[in-house]
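Colleague:
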Amino acid sequence: MSDVLLETRGLHVRFAARHGEIARAVDGVDLEVRHGEVLALVGESGCGKTTLARTIMGLERPAEGEIVFEGEPVRYEGRFLRGYRGKVQMVFQDPMGSLNPRRTIYEAVAEGLRIQKLPGDEAARVAEALARAGLRPPERFLQLYPYELSGGQRQRVVIAGAMVLNPSLLVADEPVSSLDASVRGEILKLMLELVREAGVTILVVTHDLGLAWNIADRIAVMYLGRIVEEGPAEELLSNPRHPYTRALLSVVPEAEEMEQQILQGEAPDPTRIPPGCRFHPRCPLVASGEAARLGIEERCRTDDLALHEIVADHQAACHAL
Amino acid sequence: MTAPLLSVRDLHVTYRSEAGPVPAVRGVSFDLHPGETLGLAGESGCGKSTIAGALLKVLPPGTEVTGEVLLDGEDVLQMKPGRLRAVRWTEMSIVFQGALHALNPVQRVGNQIEEAIETHRTTPAATARVAELLELVGLPARRAGDYPHQLSGGQRQRVLIALALACNPRVLIADEPTTALDVMVQAQVLELLERLQRELALSMIFITHDLSTLSYVCRRTAVMYAGRIVEEGPAEEVFAHPRHPYASALAAAFPLIGDHSHRMNPSGLPGDPPDPRAIPSGCPFHLRCAVVQPECPELDVELWPAGDGRRAACIHVLAGAAP
Numbered sequence: 015m016s017d018v019l020l021e022t023r024g025l026h027v028r029f030a031a032r033h034g035e036i037a038r039a040v041d042g043v044d045l046e047v048r049h050g051e052v053l054a055l056v057g058e059s060g061c062g063k064t065t066l067a068r069t070i071m072g073l074e075r076p077a078e079g080e081i082v083f084e085g086e087p088v089r090y091e092g093r094f095l096r097g098y099r100g101k102v103q104m105v106f107q108d109p110m111g112s113l114n115p116r117r118t119i120y121e122a123v124a125e126g127l128r129i130q131k132l133p134g135d136e137a138a139r140v141a142e143a144l145a146r147a148g149l150r151p152p153e154r155f156l157q158l159y160p161y162e163l164s165g166g167q168r169q170r171v172v173i174a175g176a177m178v179l180n181p182s183l184l185v186a187d188e189p190v191s192s193l194d195a196s197v198r199g200e201i202l203k204l205m206l207e208l209v210r211e212a213g214v215t216i217l218v219v220t221h222d223l224g225l226a227w228n229i230a231d232r233i234a235v236m237y238l239g240r241i242v243e244e245g246p247a248e249e250l251l252s253n254p255r256h257p258y259t260r261a262l263l264s265v266v267p268e269a270e271e272m273e274q275q276i277l278q279g280e281a282p283d284p285t286r287i288p289p290g291c292r293f294h295p296r297c298p299l300v301a302s303g304e305a306a307r308l309g310i311e312e313r314c315r316t317d318d319l320a321l322h323e324i325v326a327d328h329q330a331a332c333h334a335l
Numbered sequence: 072m073t074a075p076l077l078s079v080r081d082l083h084v085t086y087r088s089e090a091g092p093v094p095a096v097r098g099v100s101f102d103l104h105p106g107e108t109l110g111l112a113g114e115s116g117c118g119k120s121t122i123a124g125a126l127l128k129v130l131p132p133g134t135e136v137t138g139e140v141l142l143d144g145e146d147v148l149q150m151k152p153g154r155l156r157a158v159r160w161t162e163m164s165i166v167f168q169g170a171l172h173a174l175n176p177v178q179r180v181g182n183q184i185e186e187a188i189e190t191h192r193t194t195p196a197a198t199a200r201v202a203e204l205l206e207l208v209g210l211p212a213r214r215a216g217d218y219p220h221q222l223s224g225g226q227r228q229r230v231l232i233a234l235a236l237a238c239n240p241r242v243l244i245a246d247e248p249t250t251a252l253d254v255m256v257q258a259q260v261l262e263l264l265e266r267l268q269r270e271l272a273l274s275m276i277f278i279t280h281d282l283s284t285l286s287y288v289c290r291r292t293a294v295m296y297a298g299r300i301v302e303e304g305p306a307e308e309v310f311a312h313p314r315h316p317y318a319s320a321l322a323a324a325f326p327l328i329g330d331h332s333h334r335m336n337p338s339g340l341p342g343d344p345p346d347p348r349a350i351p352s353g354c355p356f357h358l359r360c361a362v363v364q365p366e367c368p369e370l371d372v373e374l375w376p377a378g379d380g381r382r383a384a385c386i387h388v389l390a391g392a393a394p
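Protein chains in written order, with the numbering used here: chain F, 15 to 335; chain H, 72 to 394.
(1) With respect to the alpha helix (DSSP H) encompassing F:Tyr98, which residues constitute its N-terminal and C-terminal limits?
(2) For H:Ile276, which of helix, strand or coil comes out of DSSP?
(3) Please list the terminal residues of the continuous alpha helix (DSSP H) segment that includes H:Phe310.
(4) Pair every Cβ in the region 315-325 of chain H with every Cβ in the region 190-204 of chain F, then say whether three or more of these pairs are closer than 8 Å.
(5) Does any C-beta atom of chain H lie closer than 7 Å to the C-beta of F:Asn228?
(6) Suppose contacts are defined by Cβ-Cβ distances below 7 Å. Is H:Val242 in contact with H:Leu111 by that definition?
(7) Between F:Lys63 and F:His328, what straight-line distance do the alpha-carbon atoms span, to the nearest angstrom?
(8) Suppose the cutoff is 8 Å on Cβ atoms and the five residues either side in sequence are ignored; what does the same chain contact list for F:Glu304 look like?
(9) Have a look at H:Ala272 and H:Asp330 and give me their C-alpha separation to the nearest angstrom.
(10) Look up F:Ala145 in the DSSP assignment and say whether it is helix, strand or coil.
(11) Residues in its own chain within less than 6 Å of F:Ala67 by CB, not counting five upstream and five downstream?
(12) Kindly indicate which residue of H:Val208, H:Phe167, H:Arg359 has the alpha-carbon position closest to the one of H:Thr279.
(13) So, does the CB of F:Asp327 fall closer than 7 Å to a CB anywhere in chain H?
(14) Between the region 252-274 of chain H and chain F, which residues of the former have CB atoms less than 7 Å from a CB of the latter, in chain order?
(15) Closest to H:Glu308 by C-alpha separation, out of H:Ala202, H:Leu82, H:Arg381, H:Gly98, would be which residue?
(16) Measuring CB to CB, does H:Arg159 end up less than 7 Å from H:Tyr218?
(17) H:Ile184 and H:Val208 - do their beta-carbons sit closer together than 7 Å?
(18) Look up H:Gly110 in the DSSP assignment and say whether it is helix, strand or coil.
(19) Using DSSP bridges, identify the partner residues of H:Trp375.
(20) Listing by chain order, which chain H residues have their CB less than 8 Å from the CB of F:Asp194?
(21) Does the distance from the CB of H:Ser274 to the CB of H:Glu89 come in under 7 Å?
(22) For chain H, find out if any of its Cβ atoms is closer than 7 Å to the Cβ of F:Gly245; answer yes or no.
(23) Could you spell out the range, first to last residue, of the alpha helix (DSSP H) harbouring H:Ile350?
(24) Determine the extent of the beta strand (DSSP E) in which H:Thr121 is found, giving its start and end residues.
(25) When the cut-off is 7 Å and only beta carbons count, does H:Ile184 lie next to chain F?
(26) Helix or strand or just coil, what does DSSP make of F:Ile276?
(27) When the cut-off is 7 Å and only beta carbons count, does H:Ile300 lie next to chain F?
(28) Does the CB of F:Glu86 have a neighbour CB from chain H at under 7 Å?
(29) With DSSP run on the structure shown, which of helix, strand or coil describes F:Gln107?
(30) Quick one, which of F:Gln130, F:Gln274, F:Ser191 has its alpha-carbon nearest H:Tyr287's?
(31) So is H:Gly339 in contact with chain F if we call contact Cβ pairs under 7 Å?
(32) For the candidate residues F:Gly213, F:Ala331, F:Gly72, F:Ala77, whose alpha-carbon lies nearest to that of F:Phe83?
(33) Excluding the 5 residues flanking F:Ile310 on each side, which residues of the same chain have their C-beta closer than 7 Å to its C-beta?
(34) Write down the C-beta distance between H:Val464 and F:Glu249 rounded to the nearest angstrom, noting that I regard them as a contact closer than 8 Å.
(35) Which full runs of the alpha helix (DSSP H) of 4+ residues lie inside the region 282-307 of chain F, going along the chain?
(36) Identify the residues that DSSP records as bridge partners of F:Leu53: which are they?
This is the structure we're talking about:
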């Protein structure tokens, strides 16, 4: 068995935007998710991270490129997708929004089993999944409705509903950002337990670098539809190479003392991706004249570049590296 | 030390609801000195936003408010409507939570700021003042003609700050001013607030659930739980060396990147923040506390001196031992 569980190859996802423009939400992503790891996909809103996650789930169809899962390319046909979605499960940001308010906890967790038509004892599986998600004893929760639970408990129900199918990959999109701060850690602990004990692989989509420090083995930083840096979490956070990652880390209150580099403006528009390095209009190296001194400024403005290895297993896409 | 500009004494706020009274704030006292930034931290339902509402008396009708809110020695809670109108905006104003929804979507942003100026003070030069305010918060004056939907989240938050500053208040209350903004835009807004605070010599109350942001922006911080302040002191100290077990847990929820004790080791608290309608007996934190003592379910500890300019409401602090 190979080390890689899922891989995206040259993945592009496009949407029609206003005035006939095309938003290139995912614009050429090659990403590996390895067996048994927690990979954090990090970036600001609008960078395409949620679209990438949804595409990996099979909820969006790529315009170009492919997704290879357990060595087999994902095919967009009903039968294949149903099987695929049993093995790749998603946890969304807002647990209240992902639970049907009129269904009991039991029904919420059993739903996936019914869709997948899995044989075996449904009640026993539901109880086991709830207990594994930390809702113990499970009997206490089975007949409750979502409104009777706290935010943290609801997110545990959503996780139980995903884990009841024994997926290989759990895609979690901002799984704790709607929860109170004191409750977040408990959900993150649960996610690590699932990796260690249930052997699931997790792709967690987040804007929160502190969360990545808490649970991720590797990090991929996304900017305007592309991965701009990727590497082992500790190495990447202690020695960020791409100027965007450096700026992002410098403004996180949880980061150790670093000179703040506040980029001006908001994350740019995926309908107008700049030529050259897509980060160059906001890049501190270009703005400070450092790129000119290095003699790379022309390339920054015109030459689009791919990730390249900086040190073992740590890649970045920057002309200065 | 100078006299406090704002002094809150034993503030209690109880909302009325169909299910009975909801005590949201249960005896809170603090001082805000001229030019100081005070942080109020806590999770949903702890009462921090209710305090913001009480300071300016903008709570739903029927809400019971007791205690004192002394602005330069004058009690805001006792003010007649006319005097209150004069104080709101010109003395104290609020940057409301939710940059996306606090502005009127069908009015140009310049008109919304102008309206605030004209309601609270007559000036022939309101339009010029709008331009000046927009530039103060880092927006070009021509954006006055824009509608909210034409602005980004960060730009809308800047308009809300301009709106709050329209009548030169001395006290600015910022209620979660950076929540729901991206981290880079958050940094821009924090930088702006810091600059304004310095340039305009504002006194500021900064309300947030994010303890790590507070250690950046504020000199002093108060951590709230179940309608009370459970710890207060210099912001950096409270974040780096909390004395109350709840403040510790909250601080640990924002792990320092590079701190190996948090690497692959997230930390949180069992249970959930208490519902204000059902606050636990004794120390309201005892059900979630890792260092709970047999007497905690009965003993409601008051804020107790906990070292240099610090106070904490915990039996361990009372006993002179750090929890």
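All C-beta atoms in this analysis are idealised placements derived from N, C-alpha and C, irrespective of residue type, glycine included.
Modeller: In short:
(1) Its alpha helix (DSSP H) spans residues 92-101.
(2) The DSSP-derived three-state label of H:Ile276 is strand.
(3) Run containing H:Phe310: 306-311, per the alpha helix (DSSP H) assignment.
(4) With a cut-off of 8 Å, the region 190-204 of chain F and the region 315-325 of chain H count as touching, because enough Cβ pairs lie within range.
(5) At least one CB atom of chain H sits nearer than 7 Å to the CB of F:Asn228.
(6) Not in contact: H:Val242 and H:Leu111 (Cβ atoms no closer than 7 Å).
(7) One C-alpha to the other measures close to 20 Å.
(8) For F:Glu304, where only same-chain residues beyond five positions count, the Cβ hits under 8 Å are Pro298, Ala334.
(9) Each residue's alpha carbon lies about 35 Å from the other.
(10) F:Ala145: helix per DSSP, three-state reduction.
(11) Within the same chain, F:Ala67 has close Cβ partners Val185, Asp187, Val219.
(12) Comparing Cα-Cα distances from H:Thr279 to each of H:Val208, H:Phe167, H:Arg359, the minimum goes to H:Phe167.
(13) With 7 Å as the cut-off, F:Asp327 does not count as an interface residue toward chain H.
(14) So the close ones are Asp253, Val254, Met255, Val256, Ala258, Gln259, Glu262.
(15) Nearest C-alpha to H:Glu308: H:Arg381.
(16) For the 7 Å CB-CB criterion, H:Arg159 and H:Tyr218 do not form a contact.
(17) A distance of 7 Å or more separates the beta carbons of H:Val208 and H:Ile184.
(18) Assigned with DSSP and collapsed to three states, H:Gly110 falls in strand.
(19) Partner(s): H:Ala383.
(20) The contacting residues are Glu114, Ser115, His280, Asp343, Pro344.
(21) Not a contact, by the Cβ cut-off of 7 Å.
(22) Not closer than 7 Å to any Cβ of chain H, the Cβ of F:Gly245 fails to qualify, so no.
(23) Run containing H:Ile350: none; DSSP gives neither H nor E here.
(24) That residue, H:Thr121, is in no beta strand (DSSP E); its alpha helix (DSSP H) goes 119-126.
(25) Among the CB atoms of chain F, none fall inside 7 Å of the CB of H:Ile184.
(26) Note: F:Ile276 maps to coil in three-state DSSP.
(27) Chain F, which has no Cβ nearer than 7 Å to the Cβ of H:Ile300, makes this no.
(28) Using beta-carbon distances, F:Glu86 does not count as an interface residue toward chain H, since no partner is under 7 Å.
(29) DSSP places F:Gln107 in coil when its eight states are reduced to three.
(30) Considering only alpha carbons, the answer is F:Gln274.
(31) For H:Gly339, the answer is yes, since a Cβ of chain F falls inside 7 Å of its Cβ.
(32) Answer by Cα proximity: F:Gly72.
(33) The residues are His333, Ala334.
(34) Shown here, chain H extends from 72 to 394; a query on residue 464 of chain H therefore has no answer.
(35) Qualifying alpha helix (DSSP H) stretches, in chain order: 298-301, 304-307.
(36) Under DSSP, F:Leu53 shares a beta bridge with F:Leu217, F:Arg232.
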